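*Asks:*
2 protein chains.
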Amino acid sequence: MADRLHSAAIHLLRRVRRQDVASGLGPAQLSALSVLVFGGPMGLGQLATAEQVRPPTMSRIVAALARQKLVERTSDAGDARRIRLRATARGQKLLHQGRRLRIAYLAGHFEKLSAEELSALRKAAEILENTLKNWSERET
Amino acid sequence: MADRLHSAAIHLLRRVRRQDVASGLGPAQLSALSVLVFGGPMGLGQLATAEQVRPPTMSRIVAALARQKLVERTSDAGDARRIRLRATARGQKLLHQGRRLRIAYLAGHFEKLSAEELSALRKAAEILENTLKNWSERET
DNA sequence: ATACTTCGTTAGCATTGCTAACTAATTCCC
DNA sequence: GGGAATTAGTTAGCAATGCTAACGAAGTAT
Numbered sequence: 032m033a034d035r036l037h038s039a040a041i042h043l044l045r046r047v048r049r050q051d052v053a054s055g056l057g058p059a060q061l062s063a064l065s066v067l068v069f070g071g072p073m074g075l076g077q078l079a080t081a082e083q084v085r086p087p088t089m090s091r092i093v094a095a096l097a098r099q100k101l102v103e104r105t106s107d108a109g110d111a112r113r114i115r116l117r118a119t120a121r122g123q124k125l126l127h128q129g130r131r132l133r134i135a136y137l138a139g140h141f142e143k144l145s146a147e148e149l150s151a152l153r154k155a156a157e158i159l160e161n162t163l164k165n166w167s168e169r170e171t
Numbered sequence: 032m033a034d035r036l037h038s039a040a041i042h043l044l045r046r047v048r049r050q051d052v053a054s055g056l057g058p059a060q061l062s063a064l065s066v067l068v069f070g071g072p073m074g075l076g077q078l079a080t081a082e083q084v085r086p087p088t089m090s091r092i093v094a095a096l097a098r099q100k101l102v103e104r105t106s107d108a109g110d111a112r113r114i115r116l117r118a119t120a121r122g123q124k125l126l127h128q129g130r131r132l133r134i135a136y137l138a139g140h141f142e143k144l145s146a147e148e149l150s151a152l153r154k155a156a157e158i159l160e161n162t163l164k165n166w167s168e169r170e171t
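Here the protein sequences come in this chain order: F and V.
Residue numbers for the first sequence follow our numbering, so the first one is 32 and each next one is one higher.
Residue numbers for the second sequence follow our numbering, so the first one is 32 and each next one is one higher.
#1: Would you call the region 64-73 of chain F and the region 90-109 of chain F in contact, with 3 or more CB pairs under 8 Å?
#2: Could you check what DSSP says for Arg112 (chain F) in three-state terms: helix, strand or coil?
#3: Among V:Leu126, V:Ile41 and V:Met73, whose alpha-carbon lies nearest the alpha-carbon of Gln60 (chain V)?
#4: For Thr171 (chain F), does the count of other Cβ atoms within 10 angstroms reach 16, so buried, or fall short, so exposed?
#5: With DSSP as the reference, label Ser150 (chain F) as helix, strand or coil.
#6: Determine the DSSP secondary structure at Val84 (chain F), reduced to helix, strand or coil.
#7: Which partner residues does Arg117 (chain V) have in the DSSP bridge list?
#8: Is any beta-carbon of chain F found at less than 8 Å from that of Ser90 (chain V)?
#9: What three-state label does DSSP hand Met32 (chain V) in the structure shown?
#10: Let me check understanding here. Comparing Cα to Cα, which of F:His37, F:Val102 and F:Ser38 lies closest to Ser62 (chain F)?
#11: If you follow the alpha helix (DSSP H) that Val52 (chain F) is part of, which residue opens it and which one closes it?
#12: Take Arg113 (chain V) and list the residues in its own chain whose beta-carbon comes closer than 6 Å to its own, dropping the five residues that flank it on each side.
#13: Examine the Cβ distances between the region 126-135 of chain F and the region 132-150 of chain V and report whether three or more of them are shorter than 8 Å.
#14: I want to know whether the region 36-49 of chain F touches the region 150-159 of chain V - three or more CB-CB distances under 8 Å.
#15: Hey, how far is the Cα of Met57 (chain V) from the Cα of Ser54 (chain F)?
#16: Could you check where the alpha helix (DSSP H) with Leu61 (chain V) kicks off and where it finishes?
#17: Roughly how many angstroms lie between the CA atoms of Asp34 (chain V) and Leu44 (chain V), to the nearest whole one?
#18: For Ala120 (chain F), count neighbouring Cβ atoms within 10 angstroms of its own Cβ and tell me buried if that reaches 16, exposed if not.
#19: Could you check the C-alpha separation between Leu144 (chain F) and Ala151 (chain V) for me, to the nearest Å?
#20: Using three-state DSSP, classify Thr162 (chain V) as helix, strand or coil.
#21: Given that a residue counts as buried once 16 or more other Cβ atoms are within 10 Å of its Cβ, and exposed if not, what is Asp110 (chain V)?
#22: Beta-carbon of Val66 (chain F) versus every beta-carbon of chain V: anything under 8 Å?
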């Protein structure tokens with residue numbers, strides 16, 4: 032089962048990713064922006080942790096987002112080492128537009144499913160969310 | 032729901048990918064090898080289509096696999112433009128080992144779930160497999 | 001036989017992941 | 001107070017993976 036779920040997840044994401052081309056951003060940039068939009072302002076290290084990526088990688092992603100004026104970098108009051116990352120209005124708008132596209136795409140393909148199947152998927156999403164949360168802290 | 036499933040899939044894969052480091056292969060190489068092992072020998076274009084990737088990309092991935100003697104390239108009898116790609120014994124062994132690791136990792140984290148939750152996930156995997164298969168041919 | 005199509009490769013670009021090494025700022029400890 | 005250790009972020013450089021454009025070789029069609 033684990034393997035089949037893994038495989039299904041891979042192929043699902045490959046499909047959905049194509050919709051993101053419209054945003055003009057790469058997947059990592061889009062995902063980081065999403066965390067900033069929905070999670071609120073945070074530091075670079077925190078964002079890197081949230082995205083399961085190393086700080087240098089996130090540093091580069093944020094630089095690209097800042098260049099496009101989608102994210103704002105301000106200095107942290109109280110600790111000059113830290114930076115405060117915040118999605119700009121433009122970033123929020125772009126993200127919400129892309130999100131609508133993705134959801135519409137997926138939802139369109141789920142339309143053919145029965146009500147039971149939809150609720151089965153919803154339940155699976157909940158189970159996965161909980162499982163992921165619970166095993167998030169431990170181990171490498 | 033679509034968005035939550037999408038997000039869960041992303042985070043699940045991020046976790047699982049870490050186990051694949053042990054194989055020494057990148058995710059695309061591993062995935063391509065998997066298709067060859069489970070789907071049998073095929074041409075490059077077919078493999079690229081199966082992996083939702085353009086031919087030049089797959090050409091490079093196969094070249095890397097061939098360099099490591101995990102895949103064999105033989106000429107097609109009857110059409111000299113085509114090549115026949117086949118996983119070597121070494122490739123099969125490596126893939127099966129990695130597969131065991133991934134399954135053990137995921138299964139380990141699913142162990143805490145109840146029987147109902149497990150069957151819900153299994154059902155979701157089936158639904159996704161069917162949905163993906165049905166919408167595979169159409170559109171970009 | 002010439003033109004078109006198909007298959008795979010090469011070249012070159014952008015993105016994204018990493019580690020190593022660096023700077024700057026803060027904290028710890030004597 | 002002052003030097004050492006820690007922490008936050010960046011820079012440099014590598015590898016893998018995605019793309020398009022352009023090409024050669026082989027097969028098909030007119």
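Using N, Cα and C, we set each Cβ at its ideal position, and we do this for glycine too.
It should be emphasised that the depicted structure is a prediction, and the values quoted were computed from it without experimental measurement.
*Replies:* Well, looking at it:
#1: Between the region 64-73 of chain F and the region 90-109 of chain F there are three or more inter-stretch CB-CB distances shorter than 8 Å, so the stretches are counted as touching.
#2: In the structure shown, Arg112 (chain F) adopts coil according to DSSP, grouped into three states.
#3: That would be V:Leu126, whose Cα lies nearest to the Cα of Gln60 (chain V).
#4: With a pLDDT of 39 at Thr171 (chain F), under the threshold of 50, the modelled position of this residue cannot be trusted; read the value that follows with caution. So Thr171 (chain F) ends up on the exposed side.
#5: Helix at Ser150 (chain F).
#6: Val84 (chain F): coil per DSSP, three-state reduction.
#7: DSSP, once it has assigned bridges, lists V:Glu103 as partnering Arg117 (chain V).
#8: Chain F, which has no Cβ nearer than 8 Å to the Cβ of Ser90 (chain V), makes this no.
#9: The answer is coil: DSSP assigns Met32 (chain V) none of H, G, I, E or B.
#10: The alpha carbon of Ser62 (chain F) has as its nearest neighbour, out of F:His37, F:Val102 and F:Ser38, the alpha carbon of F:Val102.
#11: Segment: none, Val52 (chain F) is in no alpha helix (DSSP H) and carries neither H nor E.
#12: Hits under 6 Å: Gly74 and Asp107.
#13: The region 126-135 of chain F vs the region 132-150 of chain V: no contact.
#14: Because the criterion of three Cβ pairs below 8 Å is met, the region 36-49 of chain F and the region 150-159 of chain V touch.
#15: Contrary to the premise, residue 57 (chain V) reads as Gly rather than Met in this sequence. Cα-Cα distance, rounded: 27 Å.
#16: Following the DSSP letters along the chain, one finds Leu61 (chain V) inside the alpha helix (DSSP H) bounded by residues Pro58 to Gly70.
#17: Using only the alpha carbons, I get a separation of about 15 Å.
#18: It counts as exposed.
#19: Their backbone Cα atoms lie some 16 Å apart in a straight line.
#20: Here Thr162 (chain V) sits in helix by DSSP.
#21: Asp110 (chain V) comes out exposed.
#22: It does not: the Cβ of Val66 (chain F) has no partner Cβ on chain V nearer than 8 Å.
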